[in-house]
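Visitor: The structure under discussion is supplied below as structure tokens; questions concerning it will follow.
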Amino acid sequence: MTGFNATSDRAATQEARHWIARLASGDITEPEMAAYRHWVADAHHHAVFQHELKLWRSLSVIGEHLAPREPVGQQAARRRRQGLFVVSGLAAAACLAAFLIGPDVWMRLHADHRTGSEIRAFTLADGTQAVLDADAAIAVHYGAYTRTVELLRGRVWFDVRHDPEHPFRVEAAGSVTEDIGTAFEVDYRATGGVETTVESGVVRVSGRAGGQSIILTAGQRALWQHTGQITRQADVAAERVASWRDGQLVLTAVPVKMVVSAIARYRSGLTLVVDHLDDLPPVTAMVDLRKRDEALNALAAGAHLRLYHLPGNTVLVRRSGGKKT
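Quick note on numbering: the sequence shown equals residues 1 to 325 in the UniProt record's numbering.
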């Protein structure tokens, strides 16, 4: 990207922010869109625009469930003539809107360790090994008598340094997973549930408020829900627990939308689903996380989806045939 000085290019920077705001508004008109395309066609303006987008992305700005809106005043006949061109062009506005929903400041302030689209390993102060999946965050609270890790988002695998005098606990939402000498994974799902899967040893899963608890051993897993209910899930092979650490994602009868979200976690760009996918058949597959874009393409082919690649490594996911939500 062409370099520039933020101070000397203040005017261009302000223009870039103006266009980001207009694109994010969802009510940009066709004349404005044409003016934007003319402005950003200039190489210098394009560089400034990309720089401003990266600033938003560095703040981990997030957005979900955004659907493109049609421009104000556009006639129905013109929409029919332009068809997919209009949808695809305005999809960029929806994608840009995702950058402007609001910076994830709270997460940045509270997390001791966090990841973007990468997988990272950490050694905690007591020697416990923690591997954070992409788009995950934890806060570490070690005290005189307990070792508590708060899972703020995403999925993490622990190989715990056992210390009976200082119990090791993972808290996520209202759930508590307590180590009894083990290696295990805790997945704080976007739906609010928390799944614990044991690779080796034993853990106890319970709620912070007490009530039901369950003991898990190698290959066993359980799902805690906000109601306080804890239910056993189907067992898995111990060697497949947290397979994402080795660059493999094992999916068994997973809804298509969740598969898209799972792959999107490892992409550096934004991935938006703007169609209803819940009625599509579930997917069983093994995904090579080193080839995530190829995996997304393969999913699209198998599930009859269409992918629209937009600026900023953004991908818009729709059903083939354009069935809308």
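All C-beta atoms, glycine included, are put in the ideal place defined by N, C-alpha and C.
Would you please state the rounded distance, in angstroms, between the beta carbons of L249 and S243? I believe it to be under 8 Å.
Guide: Going by Cβ atoms, the distance from L249 to S243 rounds to 7 Å, so yes, they are a contact pair.
Visitor: Measure the alpha-carbon distance for H45 versus V274 and round it to whole angstroms.
Guide: So the two alpha carbons sit approximately 29 Å from each other.
Visitor: When the Cα of H226 is compared with those of A237, T148, V236 and S206, which residue comes out closest?
Guide: Selected option, being the one with the closest Cα: S206.
Visitor: Mind checking whether P167 and D179 have CB atoms under 9 Å apart?
Guide: In this structure, D179 lies closer than 9 Å to P167 by Cβ.
Visitor: Could you have a look at I263 and say whether DSSP puts it in helix, strand or coil?
Guide: Correct three-state label for I263: helix.
Visitor: How should M33 be labelled, buried or exposed, when 16 other C-beta atoms within 10 angstroms of its C-beta is the threshold for buried?
Guide: Classification of M33: buried, given that the 10 Å Cβ count is 16 or more.
Visitor: Run through the stretch 99-178 for me and flag every whole beta strand (DSSP E) of 3 or more residues, listed as ranges in chain order.
Guide: DSSP runs (the beta strand (DSSP E)) wholly in the stretch 99-178: 120-123, 129-132, 137-142, 147-159 and 168-172.
Visitor: Please classify D279 as buried or exposed, where buried requires at least 16 other C-beta atoms within 10 Å of its C-beta.
Guide: Exposed.
Visitor: Could you tell me which residues DSSP pairs with T314 in its beta bridges?
Guide: The partner list for T314 (beta bridge, DSSP) reads L310.
Visitor: With a threshold of 7 Å on Cβ separation, who are the neighbours of V259 within its own chain once the five nearest residues in sequence on each side are excluded?
Guide: The answer, listed in chain order, is L251, V283 and L299.
Visitor: Might you give, ordered along the chain, the residues of its own chain that have their beta carbon closer than 6 Å to the beta carbon of T177, omitting 5 neighbours on each side?
Guide: The answer, listed in chain order, is V170, V186, T196, V203 and V205.
Visitor: Cα separation between D246 and A35?
Guide: Rounded to the nearest angstrom, the two C-alpha atoms are 47 Å apart.
Visitor: L296 and L307 - do their beta-carbons sit closer together than 9 Å?
Guide: Contact flag set, yes.
Visitor: Between which two residues does the alpha helix (DSSP H) harbouring G302 extend?
Guide: Unbroken alpha helix (DSSP H) run through G302: R292 to A303.
Visitor: Can you tell me whether T182 is buried or exposed? The criterion is at least 16 other CB atoms within 10 Å of its CB, across all chains shown.
Guide: So T182 counts as buried.
Visitor: Between the Cα of A237 and those of Q229, A121 and T217, spot the shortest distance and give me the residue it belongs to.
Guide: Ranking Q229, A121 and T217 by Cα distance to A237 puts T217 first.
Visitor: Suppose you measure from the CA of E150 to the CA of H141; what does that come to, to the nearest Å?
Guide: Those two C-alpha atoms are separated by around 8 Å.
Visitor: Helix, strand or coil: how does DSSP classify V241 here?
Guide: The answer is coil: DSSP assigns V241 none of H, G, I, E or B.
Visitor: Which of the three DSSP states is assigned to S60 in this structure?
Guide: Model confidence at S60 stands at a pLDDT of 35, short of 50, so the residue's coordinates are unreliable; what they give is reported in the following sentence. Three-state DSSP puts S60 in coil, outside helix and strand.
Visitor: If you drop the 5 nearest sequence neighbours on each side, which residues of the same chain put their C-beta closer than 6 Å to that of R114?
Guide: Around R114: A137.
Visitor: Could you check where the beta strand (DSSP E) with R37 kicks off and where it finishes?
Guide: Unbroken run through R37 is the alpha helix (DSSP H), E30 to V40; no beta strand (DSSP E).
Visitor: Let me know if Y145 comes out buried or exposed under the rule of 16 or more other beta-carbons within 10 Å of its beta-carbon.
Guide: When all chains shown are included, Y145 counts as exposed.
Visitor: Which residue wins for smallest C-alpha separation from G116, given the options G154, T123 and T128?
Guide: Looking at the Cα atoms, G154 is the closest of the given residues.
Visitor: With which residues is L251 paired in a DSSP beta bridge?
Guide: Paired residues: A285.
Visitor: Is it buried or exposed, D135, if we count other Cβ atoms within 10 angstroms and call 16 or more buried?
Guide: Buried.
Visitor: Keeping to the same chain, check which residues put their C-beta closer than 8 Å to that of N313; ignore five residues upstream and five downstream.
Guide: Around N313: R267, S268, G269 and L270.
Visitor: So G207 is in the beta strand (DSSP E); what residue range does that whole segment cover?
Guide: Start and end: V194 to G207.
Visitor: Out of A173, K291 and S261, point me to the one whose CA is closest to L277's CA.
Guide: Comparing Cα-Cα distances from L277 to each of A173, K291 and S261, the minimum goes to S261.
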